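What follows is a single structure, written as structure tokens, with notes after it.
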Amino acid sequence: MKTRKGYPVYPLTVAQSFHLFYLKFCPKKQVLNIGTSLTIETDIDWDVLRESIYKAYDRCESMRLRFTQDKEDNYFQYIVEKEEREIELVDFSNQSMEEAQEQMRKWTEVPFSHKDQPLNRVVMIQTCDGYKGLYLLVDHMTMDAQSLICFLRDVIELYCSSMYEEIPYPKDMASYIEQIKKDFAYEAGSRARERDRTFFEKLIESSEPIYNGIDGPGRLEAAQKKTGNPNQRAAVNVSDSVDSALDVFHLEAEPTKRLMDFCEKYHVSLVCLLMMGLRTYYQKMNGNEDVSINTAIARRATLKEKKSGGTRIHSFPCRTIIPETKTFIEGIYEIRDLQNEMFRHANYSPVEYFRHRTEIYKNEGGCTYEPMALTYQPMTLQEKGLEKLGGIKYKTKWYPNGATTQAMYLTVMHRPEDNGLDFSFEHQIKAVSREQLEYLYYYLCKIMFKGAENPELAVGEIMKLV
Numbered sequence: 068m069k070t071r072k073g074y075p076v077y078p079l080t081v082a083q084s085f086h087l088f089y090l091k092f093c094p095k096k097q098v099l100n101i102g103t104s105l106t107i108e109t110d111i112d113w114d115v116l117r118e119s120i121y122k123a124y125d126r127c128e129s130m131r132l133r134f135t136q137d138k139e140d141n142y143f144q145y146i147v148e149k150e151e152r153e154i155e156l157v158d159f160s161n162q163s164m165e166e167a168q169e170q171m172r173k174w175t176e177v178p179f180s181h182k183d184q185p186l187n188r189v190v191m192i193q194t195c196d197g198y199k200g201l202y203l204l205v206d207h208m209t210m211d212a213q214s215l216i217c218f219l220r221d222v223i224e225l226y227c228s229s230m231y232e233e234i235p236y237p238k239d240m241a242s243y244i245e246q247i248k249k250d251f252a253y254e255a256g257s258r259a260r261e262r263d264r265t266f267f268e269k270l271i272e273s274s275e276p277i278y279n280g281i282d283g284p285g286r287l288e289a290a291q292k293k294t295g296n297p298n299q300r301a302a303v304n305v306s307d308s309v310d311s312a313l314d315v316f317h318l319e320a321e322p323t324k325r326l327m328d329f330c331e332k333y334h335v336s337l338v339c340l341l342m343m344g345l346r347t348y349y350q351k352m353n354g355n356e357d358v359s360i361n362t363a364i365a366r367r368a369t370l371k372e373k374k375s376g377g378t379r380i381h382s383f384p385c386r387t388i389i390p391e392t393k394t395f396i397e398g399i400y401e402i403r404d405l406q407n408e409m410f411r412h413a414n415y416s417p418v419e420y421f422r423h424r425t426e427i428y429k430n431e432g433g434c435t436y437e438p439m440a441l442t443y444q445p446m447t448l449q450e451k452g453l454e455k456l457g458g459i460k461y462k463t464k465w466y467p468n469g470a471t472t473q474a475m476y477l478t479v480m481h482r483p484e485d486n487g488l489d490f491s492f493e494h495q496i497k498a499v500s501r502e503q504l505e506y507l508y509y510y511l512c513k514i515m516f517k518g519a520e521n522p523e524l525a526v527g528e529i530m531k532l533v
């Protein structure tokens, strides 16, 4: 297949194939949906906003993406020239916020067709608190959180440049097709791919990780008992149901600033501090100095990658072995150095990574060493280009799609209204309870603040103090 409806077709990227892989095993096909709303406390000219959305579609290739299949059921992708669907306006002003959010949650649970159909939905909305803006639903095979935020920013900047003379017209987005062609060249037996494969295979083969549970070694002990192998180090982490919930915990602006100030002082990213806090929690609960947590890597180092849309997330385990005698800051530096190494090799296929690890350690299907995955999303709407709007207030909200194939996925993002942190735990309802998450969040914060205040304290001392 070279063309579809007159458009050139391309194979899927590794990141897209990874999503397709778990989609096949998930009974709820909305598992790939990402739903969010962005509203602003100001009057909106709906005709100008609608026109801005159409312009943003024109500027973002991956928002015009379609999938198709050949006779062997292999997936391909292509970009249509225009998006001319009607962009509806829904007025929630006579409904409560709870009713409006429930409706948007329901929209988020409607899966897309992957056969020559649009893979996103934009709705203009007005809510009872006087805020106006957009609801956006995308398929994860076409967009990730960073590209979704980038698209929303583009809509806002296009709208504002039409409405306010002092706001310049935004710079062009980058080509999605240009970026995926680079991915295909990498996959086609490049030297870089071989270097990355060597790095990860060496990492995998160095020694076997061990599973750490959210409330102790119970799952691992059950797995050892079931197999009769007291040395088993992997366990089944998920439940028999993909039904999910989204529980969000809010960290206020002032304590968030303390954490950010610590990161700036010691030249580390917040994701390193978050990872250190999480792994120290699991170390405390399980008695293991060996802890693995999946971490998402956005693969958007260049400006073109940041502005090309699409989904570029690759996810790999971040495994650290940190004895209790090491100091908190030494642990953070160890995580930073490992993360930097992984970033250099992050174009490698996560599917190949996990396949090789399963072959080496002969794990049964469903077994893992990682109790959770972590994503830190530093990108916000409060960035260059919109500061001239002054004190206009924004609100963003993310909506659960009702399904996940992972036991627990933590996304940490900055709130637009005060730059505080939101900790959003998407989790299988039968695998992890809200009570367990409250406990984890409470101790995660205690560990991070104790460590940030006393970075030279030994990890063992911090675990005793909290």
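68 is the number of the first residue of the sequence shown in our numbering; add one for each residue after it.
For each residue, glycine too, the CB sits at the ideal point set by N, CA and C.
The model shown is predicted, which means the values in this text are computed figures rather than measured ones.
>> Taking CB distances under 9 angstroms as the criterion, tell me whether P445 reaches chain B.
In response: Among the chains of the structure shown, chain B does not appear; only one protein chain is present.
>> Just verifying my parser: in three-state terms, what is the DSSP assignment at A40?
In response: Residue 40 cannot be examined here, being either before or after the span of the chain that is shown, 68 to 533.
>> DSSP three-state label for G452, please.
In response: Low per-residue confidence applies at G452: pLDDT is 48, beneath 50, and the placement is therefore not dependable, though the value from the model is reported in the following sentence. The answer is coil: DSSP assigns G452 none of H, G, I, E or B.
> With contact counted as at least three CB pairs below 8 angstroms, one residue from each stretch, are the stretch 95-105 and the stretch 174-188 in contact?
Replying inline: yes
> To which residues does DSSP link C227 through a beta bridge?
Replying inline: Answer by DSSP bridge pairing: none, since C227 is not bridged.
>> Measuring straight from C-alpha to C-alpha, what distance separates S228 and S336?
In response: 33 angstroms
> Alpha carbon to alpha carbon, what distance is there between D221 and K238?
Replying inline: 9 angstroms
>> For T472 and V81, I'd like the C-alpha separation in whole angstroms.
In response: 18 angstroms
> Where does M240 sit, in a helix, a strand or coil, going by DSSP?
Replying inline: coil
>> Mapping the DSSP letters down to three states, classify R403 as helix, strand or coil.
In response: helix
> Out of I277, Y508, A365, which has the shortest C-alpha to C-alpha gap to V358?
Replying inline: I277
> Any idea if R325 is buried or exposed, counting beta-carbon neighbours within 10 angstroms, 16 or more meaning buried?
Replying inline: exposed
> Can you tell which of A413, I223, L345 has the C-alpha that lies nearest to the C-alpha of F383?
Replying inline: A413
>> Taking the straight line between their C-alpha atoms, what separation do you get for H207 and Q350?
In response: 33 angstroms
> Between F490 and V479, which are expected to be in contact by the criterion C-beta below 8 angstroms, what is the C-beta distance as a whole number of angstroms?
Replying inline: 6 angstroms
> How is K393 classed by DSSP in three states: helix, strand or coil?
Replying inline: coil
>> Looking at the secondary structure, which residues open and close the alpha helix (DSSP H) in which D125 lies?
In response: 113-126
> Using the beta-carbon count (16 or more within 10 Å), is R386 buried or exposed?
Replying inline: buried
>> Check this for me: beta carbons of I364 and M327, under 9 angstroms apart or not?
In response: no
> Excluding the five sequence neighbours on either side, which residues of its own chain have a C-beta within less than 6 angstroms of the C-beta of S306, listed in chain order?
Replying inline: Q495, K497, A498
>> Comparing C-alpha positions only, which one of G73, F85, Y77 sits nearest to S416?
In response: F85
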